[in-house]
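Laid out in structure tokens, this is it:
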């Protein structure tokens, strides 16, 4: 599982949905990753879950599984000087070893 | 932990955000729940994560922790006869036992 550091992370934002799905699939199929971490903040969390589910159930069916899901919060001060909190998610997808 | 069945579930939808936060807090503080499951589908998944984070970091700080997070998919046929998939999340919050 070694080397699965930030290089194998996909950060979900407002690009077209399929960009992220393809991004994850490519990591596993042509970049040789055994683990990919899908990350998102705020309103993009729902999207990150959708991406993971589409990869798991359609594109890489029975080839990957979710091994870890981390929720968190990031706090920062916005332009108006107000303290803001945003939720985060990190979903780890692991390649299922072929028997 | 017994009895933490569907009665302790909070299903997140489009009601005001604080309704759900209060709902979770009340389960723990006045309903005697030791475990509460926050559930959501589709675009409400981000909201469910926000609710859990606000409960954990503000209202019940150091009193509850996330013990399990399940992602899933529900498939159904919509009014137009089209097969639709929607992502789901279930986040389990557990009361931290006082020492």
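Residue numbers (the numbering used here), protein chains in the order written: chain E, 47 to 145; chain X, 47 to 145.
Backbone N, C-alpha and C define an ideal beta-carbon position, used for all residues, glycine too.
Quick caveat: nothing in here was measured; it's all calculated off a predicted structure.
Assignment of beta-bridge partners to residue 126 of chain E by DSSP yields no partner. Between residue 140 of chain E and residue 102 of chain E the beta-carbon gap is near 11 Å, outside 8 Å, which marks them as no contact.
With the criterion set as a beta carbon lying under 7 Å from some beta carbon of chain E, the members of the segment 87-101 of chain X are 88, 89, 91, 92, 95, 96, 98 and 99, in sequence order. When rounded, the separation of the alpha-carbon atoms in residue 85 of chain X and residue 127 of chain E is 33 Å.
Assignment of beta-bridge partners to residue 117 of chain E by DSSP yields E:135. When Cβ-Cβ separations below 8 Å define contact, residue 76 of chain X makes no contact with chain E. Neighbours of residue 119 of chain X across chain E, judged by C-beta separation under 7 Å: 99 and 103.
In the assembly as shown, residue 87 of chain E is a buried residue. Its beta-carbon has 16 or more other beta-carbons within 10 Å. Residue 55 of chain E does not reach chain X, its nearest Cβ partner there being about 18 Å away, counting only Cβ pairs nearer than 7 Å.
Listed along chain X are 117, each with a C-beta nearer than 8 Å to that of residue 112 of chain E.
For residue 101 of chain X, there is no enclosing alpha helix (DSSP H), since its DSSP letter is neither H nor E. Taken atom to atom, the span from the alpha-carbon of residue 131 of chain X to that of residue 135 of chain E is near 21 Å. The CB of residue 135 of chain E comes closer than 7 Å to the CB of 95 in chain X, given here in chain order.
Here the segment 74-85 of chain X does not lie against the segment 105-120 of chain E, with fewer than 3 beta-carbon pairs under 8 Å apart. Residue burial annotation: residue 137 of chain E is buried, with at least 16 other C-beta atoms found within 10 angstroms of its C-beta.
Between the beta-carbon of residue 92 of chain X and that of residue 92 of chain E there is about 5 Å, and that keeps the pair under the 8 Å contact cut. Bridge pairing for residue 112 of chain E: E:139 [DSSP].
Between the C-alpha atoms of residue 105 of chain E and residue 78 of chain X there is a straight-line separation of about 44 Å. Here residue 97 of chain X is buried, its C-beta having at least 16 other C-beta atoms within 10 Å.
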